[in-house]
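What follows is a set of notes on a single structure, which appears directly below.
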Amino acid sequence: MDAPLRKLVLASTSRYRSALLERLGLPFEAARPPYQEQHDLPLPPEELVLHLARGKARSLAPLFPDALLLAADQVAELDGRVLTKPGDEARAVEQLRLLAGRTHRLLTGVCLLEARSGRLEQALDVQRMSMRPLAEERLRAYVALDRPFDCAGSYRVEGPGIALFERMQGEDFTGIIGLPLTRVVDLLARFDIQVP
């Protein structure tokens, strides 16, 4: 007799990440991790997103002791400067002004933690994002329209934000939205969970 499927918990209440995970057809629960993110830690951006993803997953382990906990964190990086969720209109315009006409990296760290054993698997997704040179009025118009205040780098490519870009290079487009599904499938397979 097959062992019952372990409960899968997404350590996020992001509607973007939930919508992506739903694509895999696996039952899951979403929960807000009781974890205080610190994006100003003295870590390279690649390590920072993995560190924060691990922190989110581990913070939920006491609440879901029999679950597999899936967590992710994302930042944009330009010339070593980390850009996180702007939170408001002024910061969003400021971030876009920095990125306009430049190529930056969008990094997503993702991890899967087996709460009971403490076993953790992780992966990093990197996208190279080349933004068009854009006038200030265009940036302000985009921010007013799309209000990307909860998005690292101040854009959403699944909406009108796609028009900001000349080119996007990476292995998995879903990584730009916030949860690289090819990486998630790989992590689940390491725990012998097959996606239908």
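Note that the working numbering has the sequence shown beginning at 3, numbered continuously upward.
Yeah, the Cβ is synthetic: ideal placement off N, Cα and C, and Gly gets one too.
From a predicted model like this one, the values you see are computed outputs, not experimental measurements.
Three-way DSSP call (helix, strand, coil) for residue i in this model
i, result
"residue 60", "helix"
"residue 105", "strand"
"residue 148", "helix"
"residue 197", "coil"
"residue 94", "helix"
"residue 137", "coil"
"residue 163", "helix"
"residue 33", "coil"
"residue 111", "strand"
"residue 3", "Since pLDDT at residue 3 reaches only 32, below the 50 mark, its modelled position is unreliable, and the value read off the structure follows with that caveat. Of the three classes helix, strand and coil, the one that applies to residue 3 here is coil, per DSSP."
"residue 158", "coil"
Proximity of residue i and residue j at Cβ, strictly below 7 Å
i, j, result
"residue 75", "residue 51", "yes"
"residue 33", "residue 72", "no"
"residue 105", "residue 127", "no"
"residue 58", "residue 37", "yes"
"residue 132", "residue 94", "no"
"residue 129", "residue 113", "no"
"residue 67", "residue 117", "yes"
Closest Cα partner of residue i within the set the options
i, options, result
"residue 15", "146, 165, 48 and 180", "180"
"residue 40", "115, 171, 187 and 87", "87"
"residue 193", "91, 120, 44 and 60", "120"
"residue 17", "172, 173 and 160", "160"
"residue 23", "195, 191 and 187", "187"
"residue 149", "54, 89, 30 and 190", "89"
"residue 97", "144, 115, 175 and 54", "144"
Presumed contact (8 Å Cβ cut-off) between residue i and residue j, rounded CB distance
i, j, result
"residue 12", "residue 20", "6 Å"
"residue 154", "residue 78", "5 Å"
"residue 162", "residue 147", "6 Å"
"residue 26", "residue 197", "5 Å"
"residue 138", "residue 83", "20 Å between Cβ atoms; not a contact."
Segment limits, beta strand (DSSP E) that includes residue i
i, result
"residue 125", "122-133"
Enclosing alpha helix (DSSP H) for residue i [first to last residue]
i, result
"residue 17", "17-24"
"residue 70", "Per DSSP, residue 70 belongs to no alpha helix (DSSP H); it is in the beta strand (DSSP E), 69-80."
"residue 183", "183-192"
"residue 177", "176-179"
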